[in-house]
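Some notes on the structure that comes next.
2 protein chains.
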Amino acid sequence: MAVTIRDVAKAAGVSPSTVSRALSLPDIVDPTTRERVMKVADHLGYRPNRAARGLITGRTGNIGLILPDLANPFFPSIVKGIQQQAHIADYQVFVADTDEDPTAELGLVRSLAKQVDGIILCSPRMKPSELREAATYCPVVLVNRKAGSIPAVAMDNADGMRQVIDHLAGLGHRRIGFVAGPRSSWSTKERLRGLRAAAAAAAVELVELGHFAPTFDGGMESVEGTLIGGVTAVIAYNDLVALGLLSALRDRGIDVPSQVSVVGIDNIQLSAMVHPALTTLDIPKEKAGRTSIDLLLHLLGDPAAGTGPARELPTELLVRHTTAPAPTTTSEPSGRRRASRL
Amino acid sequence: MAVTIRDVAKAAGVSPSTVSRALSLPDIVDPTTRERVMKVADHLGYRPNRAARGLITGRTGNIGLILPDLANPFFPSIVKGIQQQAHIADYQVFVADTDEDPTAELGLVRSLAKQVDGIILCSPRMKPSELREAATYCPVVLVNRKAGSIPAVAMDNADGMRQVIDHLAGLGHRRIGFVAGPRSSWSTKERLRGLRAAAAAAAVELVELGHFAPTFDGGMESVEGTLIGGVTAVIAYNDLVALGLLSALRDRGIDVPSQVSVVGIDNIQLSAMVHPALTTLDIPKEKAGRTSIDLLLHLLGDPAAGTGPARELPTELLVRHTTAPAPTTTSEPSGRRRASRL
DNA sequence: GAAGAGTCTGAAACCGTTTGCAGGGCGATG
DNA sequence: CATCGCCCTGCAAACGGTTTCAGACTCTTC
């Protein structure tokens, strides 16, 4: 059915080997035959079977991508960056979504390992030991996580957290809450660390409000702790959580930003669409995706790989409309509420 | 490096053929040898090379998925449904994003065709003739589009539009606007047709407000036409457009829903998160994804395919807080505005 | 005890490509 | 004119599986 290298060879009056060479190593074959072969191949619409090629070269031309949840708007942006860069280098991308199930990750790596040249693990939730095991199955690059010597592209969380704290401290906030994400999330730990350091440096108090699902609903749940904590500003694990919190605050009649300031992280599209627009820490998502491919191709020794890429990407605070100067301490709007609820 | 069928054969003291049979046709091999082979295979961690298998069976176990824009929250939901169902049937999914470029679609089909057993084209923007051409390269299933005899899963747009119109008509709206999506979008035409029929049946006037990009920004741009049109309710091409429109209306101090009602389509997650929550037509996105896989596997004659699946999926209007009774005709808030702008 | 049927297994061919190796043709050189 | 080297090309093996075909063996049956 499909046109094979033999069909081309026969039509061009040469052997299959010559066709193969004409197409992949053009300079070692005679110009006139090369021309003829290419013309015939083009005319017949010949496209090499990548599986067959992969069988002998050991390269599939495929890359695997594993991530927790495509429905979280943070990830599609990364996927887009990855795809862009991968297609440029003529790789195809397998995408697999684990539905936030950490136990599914390793299984996916195993089943994917044979079919791909390398795997990108995006915000993996698995344990470090599993991560090491995963890396033994096939070349692996991490995004949003670091582990030992496995190549990784991460964000400069320390600097990002400093920017957020400095912004809030500059507005007069002295008691700042942090709504943490899942315990299994490396970013949670990393951001917490950055926040503690930055809070200490700015001489503000950091209140850790507990762990919540990295979703809108998780953010809504976190409102209780926020009120109890008696803080004037809250930093959310990500924008989705921030939006949930915003919504719950509104339901309780608490105004943002005059009574409480809220800061998100990620800068998902949505964060600019709501009202009031969310102040958030921009994460270069597409850039991270592209960089991870660069890193992987580099690891594979592919000549199409870019130059040694930056592995720690800068972030940038986008001040929009959910942050404002801290309310005067005497009114203490959330403190009153807290007392009544306890 | 990797463990092959020959390694297993040697370790089990049988020939490769027997190993192959033991694993794929268990009942034609002696139970004791089968046991032994399976144990050895398991112990060695043997996993058949799918590329090699595909070479001889002609099946890759891969499915291609082409869609316009992963950043549009409508699509990730579909992708999730597709992946779920595909993984159950032991297929892997290649995802490719065209960045809303209709000319890129056919090229992607061509380059993917050889590596997959079938392709799912999600909301394709290409012309019918190109669609027919695409279907000649490999088995194709359409989502959100119909074209000739190509298998497709679509939404019951006619009924959905009827629900929307009936809802608005019931609230007393007599002049209703529609913000259309891209001209190349099949859904736009389909919805327009459904709206015209429903509007005629309900004896309300339908005002077509022109074509806009299917994005938040597109929605913002559409606000001009909305005001000029002198309508009391607007139906947007999708939720993203509706949200953009909502935002622009707010910027101009026009209250929703008391002055203008707005209805979206898709029910993306986000639509429930904003304030006021968007009234929208729910589209069963994950279900559509799963159905498209059923359809494709059926087409491929795969026994894992579900029963002959429904191809036209029902929609459901979710009444939230952006629709309300039409303002009394005497005030005509947008009419005044219109006059001043013209 | 021989023939026949039936069950299980192994040898070999094949899928579509790449690549090491050898050989043919040709020009240059002595 | 013989020899050497070089450029180009074809043959054949290999990649890791599946599948056809034939043969070995066991078990009936007369």
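Which chain is which? The protein sequence lines are A and B, in order. Residue numbers for the first sequence follow this note's numbering, so the first one is 4 and each next one is one higher. Residue numbers for the second sequence follow this note's numbering, so the first one is 4 and each next one is one higher. The beta-carbon is built from N, C-alpha and C at its ideal position, and this holds for glycine as well. Everything numeric in this text was worked out from a predicted model, so none of it was measured.
- Look at residue 97(A) here: in three-state DSSP terms it is strand.
- Relative to residue 322(B), the option among 300(B), 125(B), 142(B) and 264(B) whose CA is nearest is 264(B).
- Interface annotation for the stretch 161-195 of chain B against chain A: empty, criterion Cβ-Cβ distance under 9 Å.
- Close partners of residue 63(B) in chain A (Cβ separation under 9 Å): 54.
- Ranked by Cα distance from residue 330(B), the options 191(B), 301(B), 250(B) and 261(B) are led by 261(B).
- Of all residues in the stretch 273-299 of chain B, only 273, 276, 277 and 278 place a beta-carbon less than 7 Å from a beta-carbon of chain A.
- Taking a Cβ-Cβ cut-off of 7 Å, the neighbours of residue 73(B) in chain A comprise 79, 82 and 83, given in sequence order.
- In the structure shown, residue 92(A) adopts coil according to DSSP, grouped into three states.
- Residues of the stretch 246-273 of chain A that bring their beta carbon within less than 9 Å of a beta carbon in chain B comprise 246, 247, 249, 250, 253, 272 and 273, in sequence order.
- In the DSSP secondary-structure assignment, residue 225(B) is not bridged to any residue.
- For the pair of segments examined, the stretch 210-217 of chain B was found not to touch the stretch 147-167 of chain B: the number of CB pairs separated by less than 8 Å stays below three.
- Residue burial annotation: residue 176(B) is buried, with at least 16 other C-beta atoms found within 10 angstroms of its C-beta.
- Annotation: the continuous alpha helix (DSSP H) that includes residue 160(B) extends over 160-173.
- In this structure, the alpha-carbon of residue 34(B) lies about 28 Å from that of residue 54(B).
- Flagged as an interface residue toward chain A: residue 99(B), by a C-beta distance shorter than 8 Å.
- In this structure, residue 167(A) sits near residue 320(A), with a CB-CB distance shorter than 8 Å.
- Between residue 259(B) and residue 225(B), the C-beta spacing is not below 8 Å.
- Using a Cβ distance threshold of 8 Å, residue 51(B) and residue 91(B) do not count as a contacting pair.
- Annotated as proximal: residue 146(B) and residue 156(B), with beta-carbon spacing under 8 Å.
- Counting every other CB atom within 10 Å of its CB across the protein chains shown gives residue 236(B) a total of 16 or more, marking it as buried.
- Boundaries of the alpha helix (DSSP H) around residue 37(B): 34-47.
- Around residue 57(B), the beta-carbon contacts reaching into chain A at under 8 Å are 54.
- Proximity of the stretch 267-277 of chain A to the stretch 237-252 of chain A meets the contact definition, three or more beta-carbon pairs being nearer than 8 Å.
- Boundaries of the beta strand (DSSP E) around residue 285(B): 282-285.
- Taking a C-beta distance under 8 Å as the contact criterion, residue 94(A) and residue 59(A) do not qualify as a contact pair.
- The C-beta distance from residue 40(B) to residue 22(B) rounds to 5 Å, short enough to fall under 8 Å.
- Under the criterion of beta carbons closer than 8 Å, residue 68(B) and residue 98(B) qualify as touching, at roughly 5 Å.
- Nearest to residue 172(A) by alpha-carbon distance, out of 201(A), 193(A), 152(A) and 184(A), is 201(A).
- If you compare the alpha carbons of 150(A), 121(A), 170(A) and 106(A) with that of residue 204(A), the shortest gap goes to 170(A).
- DSSP, reduced to helix, strand and coil, places residue 206(B) outside both helices and strands of the structure shown, so it counts as coil.
- By the beta-carbon neighbour count (other beta carbons within 10 angstroms, threshold 16), residue 110(B) is exposed.
- At least one C-beta of chain A is nearer than 8 Å to the C-beta of residue 95(B).
- Where residue 121(B) is concerned, the enclosing beta strand (DSSP E) starts and stops at 121-125.
- Of all residues in the stretch 104-128 of chain A, the ones placed with a Cβ closer than 7 Å to any Cβ belonging to chain B are 117 and 118, in chain order.
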